[in-house]
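J.: One structure is given below, represented as structure tokens, and several questions about it will come after.
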Amino acid sequence: MKRARVTLVLVLVLAFLSACAHTTETSVQTETAAAPSLQRILQKGELVVGTAASMPPLNMTTKEGEIIGLEADLANHMARAMGVKLRLEAMEFSKLLSALEQGRVDMVISGMTITPTRNLKVAFIGPYFISGKAFLTKLATIAAVEETTEINSPSVRLTALRGSTSQYFVEEVLAKVQFVPAKDYDEAVQMVIQDKVHAFVADYPICVVSVFRYPNQGLLSVITPLTYEPLGIAVPADDPHLINWVENFLNTVEGSGEMEELKDRWFGDGSWLFRLP
4 MKRARVTLVL
14 VLVLAFLSAC
24 AHTTETSVQT
34 ETAAAPSLQR
44 ILQKGELVVG
54 TAASMPPLNM
64 TTKEGEIIGL
74 EADLANHMAR
84 AMGVKLRLEA
94 MEFSKLLSAL
104 EQGRVDMVIS
114 GMTITPTRNL
124 KVAFIGPYFI
134 SGKAFLTKLA
144 TIAAVEETTE
154 INSPSVRLTA
164 LRGSTSQYFV
174 EEVLAKVQFV
184 PAKDYDEAVQ
194 MVIQDKVHAF
204 VADYPICVVS
214 VFRYPNQGLL
224 SVITPLTYEP
234 LGIAVPADDP
244 HLINWVENFL
254 NTVEGSGEME
264 ELKDRWFGDG
274 SWLFRLP
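Take the position in the sequence shown, starting the count at 1, then add 3; the result is the number in our numbering.
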């Protein structure tokens, strides 16, 4: 009987130790999975930044497949400041925030306007650039538009990047026009060139750059922005440390004059145009 009791006690002790070990292991795994974003970036030694890679001169892809632009330079500076490698993850603009929420990218730097709706899902740091909506067109009448009501007609066909604030602008302010969504800026510009639409609505730097990029296509653009578009860096909302770090990094880049140098490089010199397909 005594031996039976000892055996039973040993079985219970072993079962208890096994359960503890399993609980500890599960706890460690959960802790790792739930580690703050900044710690994960430092531990893996890599910063993954989501970009559309098709919004010159903010982000674009060269003939050789390299992603360049003001935002690519900004991301590189950030990775160096963290002491990690940079990986730019290119995807459709409309899929960027989903990738961030799912943890497939660490942050998004891709000409993304800070809006209340987007800010409900993710945190934004910035703005690092102020943009605004403009028209890219071949029609002088549209290029000269000062009030959007002048073209709000069912006979007008417009395009904009799918999932962008430009699409929302068209749907809300120009509700009477025919809207044709585009998957990226290159497709949208080609729609204008091929007369499939009357105009492309986008941030004004994109429109102005497109005029210089295709000098023989008769493209025109409104120089004065129609709206106020503050561009920000999107990061997960659940990591105050990462938000604080990026905030301080951006303040340093702006305060040191580096941001102005980047803007001068990409907006003042068009030599990069020859590197595009």
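Beta carbons are placed, not taken as given, at the ideal position from N, Cα and C, and that holds for glycine.
Being a predicted model, the structure only gives us computed values, none of them experimental.
Per DSSP, which residues does F182 bridge with? Please list them.
T.: For the purposes of this step, residue 182 is taken as residue 179 along the sequence shown, with counting starting at 1. For F182, which the question treats as bridged, DSSP gives the partners L161.
J.: Nearest-angstrom Cα distance between D198 and L61?
T.: In the sequence shown, residue 198 corresponds to position 195, counting from 1. In the sequence shown, residue 61 corresponds to position 58, counting from 1. So the alpha carbons of these two residues sit roughly 26 Å apart.
J.: Once DSSP output is grouped into helix, strand and coil, what is the label at A82?
T.: Along the sequence shown, one-based indexing puts residue 82 at 79. A82 falls in the helix class under three-state DSSP.
J.: Since P119 is in the alpha helix (DSSP H), which residue starts that stretch and which ends it?
T.: In the sequence shown, counting from the first residue as 1, residue 119 sits at position 116. P119: member of the alpha helix (DSSP H) spanning P119 to N122, first to last residue.
J.: Following the continuous alpha helix (DSSP H) through R43, name the residue where it begins and the one where it ends.
T.: Here residue 43 refers to the residue found at position 40 of the sequence shown. It spans S40 to K47 - the alpha helix (DSSP H) in which R43 sits, taken as one unbroken run.
J.: Hey, does T54 have any beta-carbon neighbour from chain D nearer than 9 Å?
T.: Here there is only one protein chain, and chain D is not present.
J.: For the segment 212–221 against the segment 168–176, do three or more pairs of beta-carbon atoms, one drawn from each stretch, fall closer than 8 Å, so that the two count as touching?
T.: No, the segment 212–221 is not in contact with the segment 168–176.
J.: Taking the straight line between their C-alpha atoms, what separation do you get for E95 and T152?
T.: For the purposes of this step, residue 95 is taken as residue 92 along the sequence shown, with counting starting at 1. For the purposes of this step, residue 152 is taken as residue 149 along the sequence shown, with counting starting at 1. Their Cα atoms are separated by approximately 30 Å.
J.: Would you call the segment 37–46 and the segment 239–259 in contact, with 3 or more CB pairs under 8 Å?
T.: yes
J.: Three or more C-beta pairs under 8 Å: does that hold for the segment 155–169 against the segment 91–107?
T.: Cβ pair count under 8 Å is three or more, so yes.
J.: Under 7 Å Cβ to Cβ from V148, same chain only, skipping five residues before and after it: list those, please.
T.: As a position in the sequence shown, residue 148 is number 145, starting the count at 1. Same-chain partners within the cutoff: F138, I154 and V225.
J.: Helix, strand or coil for Y207 per DSSP?
T.: As a first step, residue 207 is located in the sequence shown; it is residue number 204 there, counting from the start. Three-state result, Y207: helix.
J.: Is there at least one non-hydrogen atom of the ligand PLP closer than 8 Å to the beta-carbon of L139?
T.: The ligand PLP is absent from the structure shown, which contains no ligands of any kind.
J.: Do W269 and G72 count as a contact pair if the criterion is CB distance below 9 Å?
T.: Within the sequence shown, residue 72 is the residue found at index 69, counting from 1. Within the sequence shown, residue 269 is the residue found at index 266, counting from 1. By the CB criterion at 9 Å, G72 and W269 fall inside the cutoff.
J.: Within 10 Å of its beta-carbon, does T74 have 16 or more other beta-carbons around it, so buried, or fewer, so exposed?
T.: Along the sequence shown, read from residue 1 onward, the residue named residue 74 stands at position 71. Here the sequence assigns Glu to residue 74, which means Thr is not the residue at that position. Its Cβ being crowded by 16 or more others within 10 Å, E74 is buried.
J.: Going along the chain, which residues of its own chain have a beta-carbon closer than 6 Å to the beta-carbon of V111, five neighbours each way excluded?
T.: What you label residue 111 is simply residue 108 of the sequence shown in a count that begins at 1. Answer for V111: G53, L99, L103 and A237, listed in chain order.
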